[in-house]
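Have a look at the structure below before the remarks.
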Amino acid sequence: MPLVTSTEMFKKAYDGGYAVGAFNVNNMEIIQGITEACREEHAPVILQVSKGARAYANRTYLVKLVEAAVIECPDIPIVLHLDHGDTFETCKSCIDDGFTSVMIDCSSKPFEENIAITRQVVEYAHAHGVVVEAELGTLAGIEDEVKVAADAASYTRPEEVEEFVSRTGCDSLAIAIGTSHGAYKFTAAQCTRNEKGILVPPPLRFDVLHECEKRLPGFPIVLHGSSSVPQEYVKMVNENGGKMPDAVGIPEEQLREAARSAVCKINIDSDLRLAMTGTIRQFFNEHPEKFDPREYLKPARANIKEVVRHKLVDVLGCAGKA
Ligand code: G3H
Ligand code: 13P
Ligand code: ZN
324 MPLVTSTEMF KKAYDGGYAV GAFNVNNMEI IQGITEACRE EHAPVILQVS
374 KGARAYANRT YLVKLVEAAV IECPDIPIVL HLDHGDTFET CKSCIDDGFT
424 SVMIDCSSKP FEENIAITRQ VVEYAHAHGV VVEAELGTLA GIEDEVKVAA
474 DAASYTRPEE VEEFVSRTGC DSLAIAIGTS HGAYKFTAAQ CTRNEKGILV
524 PPPLRFDVLH ECEKRLPGFP IVLHGSSSVP QEYVKMVNEN GGKMPDAVGI
574 PEEQLREAAR SAVCKINIDS DLRLAMTGTI RQFFNEHPEK FDPREYLKPA
624 RANIKEVVRH KLVDVLGCAG KA
């Protein structure tokens with residue numbers, strides 16, 4: 324089947340009490356790892372391209388690689404989504420390039436400005452059969468070149484969501500309930516430590532989520548910054564020359580709980596980066612004489628695939644839903 328929008332996907336996810344995985348893609352191996360897992364697990368998937376990824380690969384390559392995945396995986400629905408579009412022009416350019424979904428993220432702008440720009444994107448997108456994700460509330464962490472300090476982040480205000488959705492006409496809404504971008508989601512001061520000395524982050528604000536879903540019945544909610552930062556990969560990085568002290572993510576049982584609610588899309592990027600980097604570091608440590616990119620990218624791709632499979636089956640609940 325050709326690329327699809329997320330409309331049908333989200334309706335099924337909402338009704339079925341699961342979430343669709345939205346994975347960031349930067350190159351062929353990442354796209355292959357994600358889509359091979361989704362094909363084998365019969366899972367719908369959202370492949371998302373950030374502004375930075377588009378600048379890295381240029382505007383043509385990632386679209387064409389995703390089109391190749393669509394040919395290779397004819398039986399699963401695939402969405403091509405712009406992650407964190409920051410201007411109308413960026414969103415328009417992706418819509419013109421064949422993306423089926425875009426995010427306009429003006430969450431750091433004042434409420435009225437966020438509404439005005441989001442509305443402009445929605446009008447252009449809907450006229451072209453494309454759906455729009457918008458955001459209210461500010462996540463901590465790093466996205467593209469923007470770094471938001473933990474103390475500058477703010478939870479979504481549930482009393483604003485109905486007005487925002489009705490005035491913008493957006494198709495899904497990303498909210499801030501305590502997730503954060505990147506592999507260092509929380510400072511040590513924000514966490515406690517468990518008996519193994521691993522940092523335990525503050526719990527997600529399910530009260531904010533439930534208040535939002537009550538005010539927007541049937542409407543798909545999105546969670547960004549939802550990597551769990553698997554400690555086995557942090558260890559693999561650190562044991563093979565890397566230095567990632569106190570990298571910490573969102574506990575998977577909390578994401579599982581979110582997936583059962585109105586959360587229909589969960590964004591995961593850092594976990595795939597960690598799997599790729601850990602695997603490549605380990606490969607070079609064990610085979611310092613090797614230099615063929617295919618030899619180190621092959622196990623990296625295989626581990627990305629297994630991380631994605633685990634998310635589909637054990638966290639998101641979307642395996643078998645394609
Ligand atoms: O939220 C941001 C994603 O993790 C993408 O990151 O902007 O470095 O491609 P990036
Ligand atoms: P992570 O950094 O937690 O993987 O979040 C990714 C994300 O939200 C992309 O938009
Ligand atoms: Zn994000």
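Those letters in the sequence shown? Residues 324 to 645, by our numbering.
The beta carbon of each residue, even a glycine, is placed where N, CA and C say it ideally should be.
The beta-carbon separation of V560 and R604, rounded to 6 Å, stays under the 8 Å limit for a contact. Note that the stretch 512 to 523 does not touch the stretch 413 to 433; fewer than 3 beta-carbon pairs, one per stretch, sit closer than 8 Å. Taking non-hydrogen atoms of the ligand G3H into account, the C-beta of D594 is found less than 7 Å away from none of them.
If you draw a 10 Å sphere on the C-beta of F346, you find 16 or more other C-beta atoms in it, and that means buried.
In the DSSP annotation of this structure, Q605 is not part of any beta strand (DSSP E); the continuous alpha helix (DSSP H) holding it starts and ends at S593 to E609. Remark: the shortest separation between the CB of A376 and any heavy atom of the ligand G3H falls under 7 Å.
Within the same chain, A376, Y379 and A380 come within 7 Å of N349 by CB-CB distance, once the 5 residues on both sides are set aside. In the DSSP assignment, G356 falls within the unbroken alpha helix (DSSP H) covering M351 to E364. Here K588 carries a strand assignment [DSSP, helix/strand/coil]. Assigned with DSSP and collapsed to three states, A378 falls in helix.
In this structure R583 is exposed. Its beta-carbon is surrounded by fewer than 16 other beta-carbon atoms within 10 angstroms.
Assignment of F542 by DSSP, reduced to helix, strand and coil, places it in the coil class.
Look at T461 here: in three-state DSSP terms it is strand.
Annotation for S373 indicates a beta carbon within 7 Å of some heavy atom of the ligand G3H. Within the same chain, and ignoring the five residues on either side of D494 in sequence, the residues whose Cβ sits closer than 6 Å to its Cβ are V454 and V455.
Distances from the alpha-carbon of L595 to those of E482, G356, G520 and L546 put G356 closest. Within the same chain, Cβ atoms closer than 8 Å to the Cβ of E534 are found at P481, the five residues on either side in sequence being excluded.
The Cβ atoms of P367 and K644 sit closer than 8 Å to each other. Annotation: K613 to K621 spans about 13 Å, alpha carbon to alpha carbon. Annotated three-state conformation of E518 is coil, per DSSP. DSSP lists S373 as the beta-bridge partner residues of D406. V343 and R632 have their C-alpha atoms spaced approximately 12 Å apart. By the Cβ neighbour-count rule, G340 is exposed, with fewer than 16 other Cβ atoms within 10 Å of its own. Along the length of the stretch 394 to 460, whole alpha helix (DSSP H) runs at least 4 residues long occupy 411 to 419 and 434 to 450, reported in chain order. Contact annotation, V552 with G572: C-beta distance approximately 3 Å; criterion of less than 8 Å satisfied.
Here the C-alpha atom of E390 lies approximately 10 Å from the C-alpha atom of I354. Cβ contact annotation for E629 (same chain, cutoff 6 Å, sequence separation greater than five): none.
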